[in-house]
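In UniProt numbering, the protein residues as written are 1 to 1064. For every residue, glycine included, the Cβ atom is placed at its ideal position computed from N, Cα and C. Source: prediction; values computed, not measured. Single-structure report; data block below.
Here it is in structure tokens:
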């Protein structure tokens, strides 16, 4: 009843081929006494033409009941191929229901058609053979291959019971109705898993038992055993019987010992007798034993198993053996394997409930699993109600309640037709089940040729056995309302010559796809008719604005009719109305021009157009604008933009009008909705343009460094400022050292540049600084200038103060801080050569310090980057000046004592190193160190240098071992799936995600699968810190972008597998 790995062998093919041919000839009695069920049973037909089908080397199948605790795997036995000859089986084929089945004359014919003999279908000839020697697996797919063993099958054997199924937590909740569906398919009993060993109880057991009892199935139970001693066997029996007592199961309940764990085989007979003795002591005497055919001494295989069936009685055994991957109940009843046993489990892939987990299914030879079933057939009932009969839409609802049938109900069919022309419009509807258990269908007259009057609705069920059965019928009357709609004329405006047509209360039985409004003036008949299409509004009405300009500007009476294009494509007239249209004779385009924001600094002004109107509507507002300086040589037709308040606005720039100043003319034109352009008015304004401005200030003139800052404030130019340039030179040799410096904009709006004498030949004395702007039009304009004196202090040497901060002897790290930086020739880079005194300069590192916001320079140093040496450290200070010369500026010494405790073993060192990283977040300095350390070892795995933006779970794992000098234990990788291949080459990989790891093991995950065995693509990795009480504790990098501890239960579905490094 657990997950088995299934292997097919050559002898099976020959065996089953022979068996299938014998079955047809020898089977003389039916396997069921119910004649209706018999008609639906599969028939095994003789096939004299052998089929040559290539067998797969090995087939693995997951059964629905999986062990809740882990069992280790071992080596598999060889696999052989052979041709096979298997007689074809048949499957039930549901006949199509005739369209006129609802007529009274056709009912009997339909019932007959649905029970016609079924068609033959070829089943897969793949079959199984000898046992698999995998630890934790049992050979259920096997068959006999020697006449010297117990007969493989006995076609004359008596079957006293029916079929039954067994269930566990993997089947989840099974309702009473589900069990009734099983019963309708010939299932008479259910065996419910209660316990496993002495540590597990099935959480669904009580509901699975109670619902099966309510459905009338016989309930038996089983316990999955693990015992390897008499004491363990008795303990498991007590645990099992205690749970049975808790469920108030009768003492005559069949109690099954499920024996599959390979660890049990040594001493299994003695230990199982101890189990049976204890069960009887607890009052349970109706005992059965479940196991594989390969485990018992009386079987149909080449070898005998270790279980002595004479000690327990062969008829007390329930044998599992699968001749084919998916064997039907009918084929199994014909084959009759293991017929001397009490029962035979013939498949683990029975698909008995649609959408549910597959079942194990068995034949009850002895009747002990099914004889006490008290199945009660449900009555054939159903009530039809007609609701929501709506003339406006031509629809009504059919509601079916009190639904019941002897073999359950798969579908509810409602053949429906109008009485107008017999059954020419019949439709076989399938009703939809509702949350309250009723079934519902909405019938639309549009699907029945739009017929009205009497409608017939009949009720049929497709039962669980696939048969169609009539239940009843009713009639109703259908009437279809006419299309409706209300026309309203609003907003009739003489100024614009427009009016709005509003259509409300819109309805049509056939639905409304479009609303059309044919409209014309009565002046010259329908010479100006237009079929306008109204637009649906948010309130459900439809609207269109009619314009006299689109109807030859006609005035007087207008006609507006209303038509619908229905969902069936037909157009139908609904109504009409009239209105009068007049055009105001004095109505002219109007608009008010206003000049605002006339700004001399920027040379711009805004034109605002308000009170905009025109009888023909306004499509665009144009503002032809020019300066009066040279006539209209600079005219531009500007297009104003509509504002949220209904006005129009445009900003005129003198820079677009040749930078002319003085009077400007602005005229106003509209482009109307009829495409015509009309003048409305005009105005003038005066434009003046300010000159560029800016203020130069010299600050921070420093003789020690030979530098001064130039600050430019109050920056403005009518043409805008793209760049601020500061041509600067010393007066010593004219402009031989001139440099056009580019100032940088500061957060306060000023511009700044630091001038260095070192860039001007170290000249001293007077310096000139001029100010230029590169404007937005690309032109450069001078703004002003100033002078300053520069002196350089003689004898000044580079200086700097080194201080050691944040020294930590526990972790072996400290900060170097450089302050008071003095460098007359400038500083490009601050270098800090650092080494320990232990072995000279063999560990020297030339660090580059980083400038801080306060002007100091800082570098963090780790003893691990200096061979973890303890004691005295030397730190020297060098500057790279602006002439690219390296200048020494002093030095300092410090002592550090690395006190990290040494781990007792390689495993402890790895776990300590991983624990020390907990809390490190992606993007932090410590995370960058991980990336740098990974990239520091060459050659790189797959030649790839990782980035700090890459996924870093495997970078973390790899570097932890690398830092401890243990890379040879697990290899180096940044990709988890590739790392698994390394684990396999090292011989440390464990594929079984159900197994229990040890501290220091590597754990991998596949987040795309949540069940075992998980063999998908691995996408995460971590280190096992410990395992306690069935819980795995891990340390993982990049767990939500941080190093953190996580926990998982043993056998968690996302676990891909483990690697066990060979620690010393």
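* How many angstroms separate the CA atom of residue 1069 from the CA atom of residue 298? -> This structure cannot settle anything about residue 1069, because the visible part of the chain is limited to 1 through 1064.
* To do: Use the C-beta contact count for residue 197: other C-beta atoms within 10 angstroms, 16 or more gives buried, fewer gives exposed.
  => For the purposes of this step, residue 197 is identified with residue 197 of the chain shown, where counting begins at 1. When all chains shown are included, residue 197 counts as buried.
* Asked: Within this structure, are the beta carbons of residue 519 and residue 546 separated by less than 7 Å?
  -> If you number the chain shown from 1, residue 519 lands on position 519. If you number the chain shown from 1, residue 546 lands on position 546. Going by C-beta atoms, residue 519 is nearer than 7 Å to residue 546.
* **CA-to-CA distance, residue 350 to residue 2, given in whole angstroms** => Position 2 of the chain shown, counted from the first residue, corresponds to residue 2. Position 350 of the chain shown, counted from the first residue, corresponds to residue 350. With a pLDDT of 44 at residue 2, under the threshold of 50, the modelled position of that residue is not reliable, and no figure is offered here.
* Asked: Beta-carbon separation of residue 619 and residue 671 under 7 Å?
  -> Mapped onto the chain shown, residue 619 falls at position 619. Mapped onto the chain shown, residue 671 falls at position 671. The answer is yes: Cβ separation under 7 Å.
* As assigned by DSSP and simplified to three states, the class of residue 673 -> Here residue 673 refers to the residue found at position 673 when the chain shown is read from its first residue. If DSSP states are grouped into helix, strand and coil, residue 673 belongs with coil.
* What number of angstroms, rounded off, separates the C-alpha of residue 744 from the C-alpha of residue 788? -> Residue mapping note: residue 744 aligns to position 744 of the chain shown, counting from 1. Residue mapping note: residue 788 aligns to position 788 of the chain shown, counting from 1. Each residue's Cα considered, the two are about 20 Å apart.
* Can you give me the start and stop residues for the beta strand (DSSP E) that residue 606 sits inside? => For the purposes of this step, residue 606 is identified with residue 606 of the chain shown, where counting begins at 1. Note, residue 606: beta strand (DSSP E), 604 to 613.
* Which term fits residue 496, buried or exposed, when burial requires 16 or more other beta carbons within 10 angstroms of its beta carbon? -> Locating residue 496 in the chain shown gives position 496, where the first residue counts as 1. Buried, because 16 or more other Cβ atoms sit within 10 Å of the Cβ of residue 496.
* Asked: Taking DSSP as the reference, what is the three-state secondary structure of residue 314?
  -> One-based indexing of the chain shown puts residue 314 at position 314. The answer is helix: DSSP assigns residue 314 an H, G or I state.
* Asked: Does the segment 168 to 184 come close enough to the segment 206 to 225 that 3 or more CB-CB pairs lie under 8 Å?
  -> yes
* Asked: By Cβ distance below 7 Å, which residues in the same chain neighbour residue 105 in space, the five residues on each side in sequence not counted?
  -> Sequence index remark: in the chain shown, residue 105 carries index 105 (1-based). With a pLDDT of 36 at residue 105, under the threshold of 50, the modelled position of this residue cannot be trusted; read the value that follows with caution. Contacts found: none.
* Using a Cβ-Cβ cut-off of 7 Å (strictly less than) and excluding sequence neighbours within five positions of residue 690, which residues of its own chain qualify? -> Residue 690 sits at position 690 when you count from the first residue of the chain shown. Within the same chain, residue 690 has close Cβ partners 600, 601, 718.
* Rounded C-alpha distance that separates residue 454 from residue 398 -> By 1-based counting over the chain shown, the position of residue 454 is 454. By 1-based counting over the chain shown, the position of residue 398 is 398. So the alpha carbons of these two residues sit roughly 14 Å apart.
* Extent of the continuous beta strand (DSSP E) to which residue 360 belongs -> Numbered from its first residue, the chain shown carries residue 360 at position 360. Note, residue 360: beta strand (DSSP E), 359 to 364.
* Bridge-paired residues (DSSP) for residue 413 -> Taking the first residue of the chain shown as position 1, residue 413 is located at position 413. Bridge partners of residue 413: 430, 460.
* Asked: Along the chain, where does the beta strand (DSSP E) that runs through residue 709 open and close?
  -> Counting from one through the chain shown, the residue named residue 709 turns up at place 709. 707 to 716 is the span of the beta strand (DSSP E), which, as asked, contains residue 709.
* Cutoff 6 Å; reference residue 1145; Cβ partners in own chain excluding five residues on either side -> Examination of residue 1145 is not possible in this model, given that the chain is present from 1 through 1064 alone.
* Asked: Going by Cα to Cα distance, which pick from 653, 1017, 296 is closest to residue 626?
  -> For the purposes of this step, residue 626 is taken as residue 626 along the chain shown, with counting starting at 1. Ranking the options by Cα distance to residue 626, first place goes to 653.
* Just the Cα atoms here: how many angstroms apart are residue 491 and residue 505? -> Position 491 of the chain shown, counting from 1, holds the residue named residue 491. Position 505 of the chain shown, counting from 1, holds the residue named residue 505. Their Cα atoms are separated by approximately 20 Å.
* Asked: Which of the three DSSP states, helix, strand or coil, is assigned to residue 159?
  -> Numbered from 1 along the chain shown, position 159 holds the residue referred to as residue 159. Of the three classes helix, strand and coil, the one that applies to residue 159 here is coil, per DSSP.
* How many angstroms separate the CA atom of residue 35 from the CA atom of residue 407? -> Position 35 of the chain shown, counting from 1, holds the residue named residue 35. Position 407 of the chain shown, counting from 1, holds the residue named residue 407. For residue 35, the predicted model reports a pLDDT of 29, less than 50, meaning its position is unreliable; a value from the coordinates is still stated below. C-alpha separation (whole angstroms): 14 Å.
* To do: Kindly indicate which residue of 700, 720, 721 has the alpha-carbon position closest to the one of residue 711.
  => Looking up residue 711 in the chain shown gives position 711. The residue with the shortest Cα to Cα distance from residue 711 is 700.
* Asked: How do the segment 807 to 816 and the segment 767 to 787 stand: do at least 3 beta-carbon pairs fall below 8 Å, yes or no?
  -> no
* State buried or exposed for residue 158, treating a residue as buried only when at least 16 other CB atoms are found within 10 Å of its CB. => Along the chain shown, read from residue 1 onward, the residue named residue 158 stands at position 158. So residue 158 counts as exposed.
* Note down the Cα distance separating residue 646 from residue 589, rounded to an integer number of angstroms. => Taking the first residue of the chain shown as position 1, residue 646 is located at position 646. Taking the first residue of the chain shown as position 1, residue 589 is located at position 589. Roughly 16 Å separates the two Cα atoms.
* Asked: Considering only residues of the same chain and omitting the five flanking positions on each side of residue 229, which have a CB-CB separation below 8 Å?
  -> Along the chain shown, one-based indexing puts residue 229 at 229. Cβ within range, chain order: 267, 271.
* **Distance between beta carbons of residue 289 and residue 259, contact taken as under 8 Å** => On the chain shown, residue 259 is found 259 positions in, with the first residue counted as 1. On the chain shown, residue 289 is found 289 positions in, with the first residue counted as 1. Correct: roughly 6 Å between the Cβ atoms.
* Under a Cβ-count criterion, where at least 16 other Cβ atoms within 10 Å of its own Cβ denotes burial, should residue 336 be classed as buried or exposed? -> Here residue 336 refers to the residue found at position 336 when the chain shown is read from its first residue. Per the 10 Å Cβ criterion, buried.
* For residue 905, which residues from the same chain have a beta carbon less than 8 Å from its beta carbon, with the 5 sequence-adjacent residues on both sides left out? -> Here residue 905 refers to the residue found at position 905 when the chain shown is read from its first residue. Excluding positions up to five away in sequence, the list reads 1063, 1064.
* To do: Give me whichever residues DSSP pairs with residue 1058 in a beta bridge.
  => Reading the chain shown from its first residue, position 1058 is the one you call residue 1058. DSSP, once it has assigned bridges, lists 990, 1003 as partnering residue 1058.
* To do: Identify the continuous alpha helix (DSSP H) that holds residue 261 and give its terminal residues.
  => Residue numbering aside, residue 261 sits at position 261 when the chain shown is read from its first letter. Residue 261 -> no alpha helix (DSSP H), and no H or E assigned at all.
* Give a yes or no on contact between the segment 445 to 454 and the segment 378 to 390, applying the rule of three or more CB pairs nearer than 8 Å. => no
* Determine the closest residue to residue 864 out of 848, 460, 1018, 965, with distance taken between C-alpha atoms. => Against the chain shown, residue 864 aligns to sequence position 864. The candidate whose alpha carbon is nearest that of residue 864 is 965.
* To do: Could you please give the first and the last residue of the uninterrupted beta strand (DSSP E) stretch that includes residue 577?
  => As a first step, residue 577 is located in the chain shown; it is residue number 577 there, counting from the start. 571 to 581 is the extent of the beta strand (DSSP E) around residue 577.
* Asked: Taking the alpha carbon of residue 976 as the point to measure from, which residue in 950, 989, 400, 1004 has its own alpha carbon closest?
  -> If you number the chain shown from 1, residue 976 lands on position 976. The shortest C-alpha separation from residue 976 is found at 1004.
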